[in-house]
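For the sequence shown, the residue numbers in the numbering used here are 819 to 956.
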Amino acid sequence: MEEEIGPAEEAPPRVEITSEERMWAILAHLSILLSVISGGLLGPAAAFAIWLIKKEQSPYVGKQALQSLIYQIAVVVLSLLMWVAIAVLSALVVGVCCIPIGIVIDLAAIGYACYAAYVCSLGQEFKYPLIGDMVGIE
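Put into structure tokens, the structure is as follows:
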């Protein structure tokens, strides 16, 4: 028994992303750098502001900024929990050995957001694992 093959599904038309949209998406992802100097507060606030202002004007920028906002909140919360655990473990001397690991993890999180900005600079859609699915990026 052969399956009937229906008409070929057409891919949705590709929407051209303007240089201004790329710039706003890049800024949304790079706003994580503001978290470094503000203890994690200004980065999510900047991503939220970009999302709030641009979500109606550009679905691309809206999705990228919302992903960046969720990612940064997750990074701040998880980083805070990690550093509290390291501080508690420092009483047992084990935590002191974990400090370099904590620094590397924080730098990796920042580096990943910078990579997201790079992908957006190429005019492509970036999708954080799990977060992109929540936002509706395919």
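Glycine included, each C-beta is placed from N, C-alpha and C at the ideal position.
{"Item": "Backbone CA spacing between K945 and D951 [nearest angstrom]", "Value": "8 Å"}
{"Item": "The region 923-942 contacting the region 845-865, beta-carbon criterion three pairs below 8 Å", "Value": "yes"}
{"Item": "Anticipated Cβ contact below 8 Å, A865 with S897, distance rounded", "Value": "About 16 Å separates the two Cβ atoms, so there is no contact after all."}
{"Item": "Top-ranked residue by Cα proximity to I855, from I928, S939 and Q942", "Value": "I928"}
{"Item": "Whole-angstrom distance between S939 and V893, CA atom to CA atom", "Value": "22 Å"}
{"Item": "Sub-7 Å separation of I904 and G913 beta-carbons", "Value": "yes"}
{"Item": "G929, DSSP secondary structure in three states", "Value": "helix"}
{"Item": "Exposure of G857, with buried meaning 16 or more beta-carbon neighbours within 10 Å", "Value": "exposed"}
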